[in-house]
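Read the structure below first, then the notes.
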Amino acid sequence: MRQAGRVLPEYREIRKKFDLLSITRNSDLAAEVTLQPVNKFDLDAAIIFADIVTPLHGIGVELDIVEGVGPVIANPVNSYVDLNILREIEPNEDVPYILDSLSRVRESLPSNKALIGFAGAPFTLATYLIEGGPSRNYSKTKSLMYSDPKLWHELMIRLSRIIASYLRSQVTAGADIVQIFDSWVGWLSPSDYSKYVKPYIEKIIQDISDIDTPVIYFGTGTSTLLRLIKDTGVDVVGVDWRIPLDEAWATLGYDVAVQGNLDPAALLGPFSVIESKTKSIIECTNGRPGHIFNLGHGFIPNTPLESIEFLVDLLRQSGAKSMQPTSQR
Ligand code: 1CP
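In this text, residue positions in the sequence shown follow our numbering: the first is 6, and each later residue adds one.
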């Protein structure tokens, strides 16, 4: 998850000197920042430090990640000509620093801790490309999707190809598992998801099926989309806090793993609230294997560090088992 503002003081120190894109392009710094939360809280997995727009930046799309805002695109997409900015990606040449960061992190991570590579999903990346930045209702995206389905298809196909190559290269460089972030897909109805998004998730899953690496798919507000998401063939479905985990899992079926789903805002409340909400999530799993505990979205800035420590201790006491990297399964 984008750790919304990243709460660690040691990260904030580095950010005082370097902007986000500079950190991602400097493998020493990116590896250090990736490992900080794992070392501090003894977490079971590390997620590589990058952003969902990193591969777009790598192929030359002009963009910036603006403090307190998010990714801002210089020339938003609204015509066929604009699609020319989305050429195929050559990861070794376009994003060598990400691959280098992954190899370094994998080398220094203990073997019982997993390294997660990631990419934005085509829909969520398309929202930034079309809207030009963060949006409240994705109206430009939906307008393009409905009024020019051929252009939408061309955009989604190009993004899917970029994402599949990018994920594949991350696994070659050392990622044990990959996560696809479709953070804003919950703004779509089930029928729009089926028509305008699902085929492209299926294409990505199919394109990388030969590398035999588990794929996590995460979105927010996806309660009504769960069955369709499962049909795409992903291995793990990340859910946000809006739906009880047992309800989500029953809807998905127990032949798929789930990840989630503590409300990040719970960590702003007293320990008693963190404890009751966490226990209720664990009860929802009913002791079944196949649950990865996680927040339902990224940390909220200024989340107290003691609350994160309290949560991790609570999970350890509850008997939550550590993950094993693929190579050891
Ligand atoms: O230092 C900062 O400026 C803090 C904010 C930040 C961070 C930590 C941004 C701006 N990007 C990142 C890195 C990042 N982004 C990671 C690395 C994980 C980590 O170590 O924290 C990851 C996995 C992401 C993924 C990402 N970026 C998503 C998908 C997951 C999610 O949280 O929903 C999304 C939607 C983005 C876009 C983005 N980048 C940054 C912001 C503020 C946003 C959201 C803008 C919006 O609201 O539309």
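C-beta atoms are modelled at their ideal positions from N, C-alpha and C, and glycine is treated no differently.
In terms of side-chain proximity, the C-beta atom of PRO139 is found nearer than 7 Å to a non-hydrogen atom of the ligand 1CP. Sequence-distant Cβ neighbours of VAL71 in its own chain, meaning closer than 6 Å and more than five residues away, are VAL77.
For LEU300, the enclosing beta strand (DSSP E) begins and ends at 296–300. Checking the 7 Å criterion, the Cβ of HIS62 is out of range of every heavy atom belonging to the ligand 1CP. Straight-line measurement puts the Cα of PRO154 at about 44 Å from the Cα of GLN41. Cα atoms of ALA131 and GLU207: separation of roughly 17 Å, rounded to the nearest angstrom. Counting only residues of its own chain and dropping the five nearest sequence neighbours on each side, LYS145 has a CB closer than 6 Å to the CB of ILE135 and GLU136. Of the candidates PRO309, ASP56 and GLN184, GLN184 places its Cα closest to the Cα of ILE213. Residue environment analysis places GLN322 among the exposed positions, since fewer than 16 neighbouring C-beta atoms fall within 10 angstroms of its C-beta. A direct Cα-Cα distance of roughly 19 Å separates SER228 from LYS282. The residue among SER199, VAL82 and GLY301 with its C-alpha nearest the C-alpha of LEU267 is GLY301. Scanning its chain for C-beta atoms nearer than 6 Å, with the 5 sequence neighbours on each side dropped, one finds around ILE248 the residues SER228, in chain order. Annotation for ASP236: the continuous alpha helix (DSSP H) segment containing it runs 231–236.
A direct Cα-Cα distance of roughly 21 Å separates LEU273 from GLN264. Here DSSP, grouped into helix, strand and coil, assigns ASP69 to strand. Taking 8 Å as the cut-off, the beta carbon of SER27 is found no closer than this to the beta carbon of ARG109.
With contacts defined as CB atoms closer than 8 Å, ALA124 and TYR171 qualify as a contacting pair.
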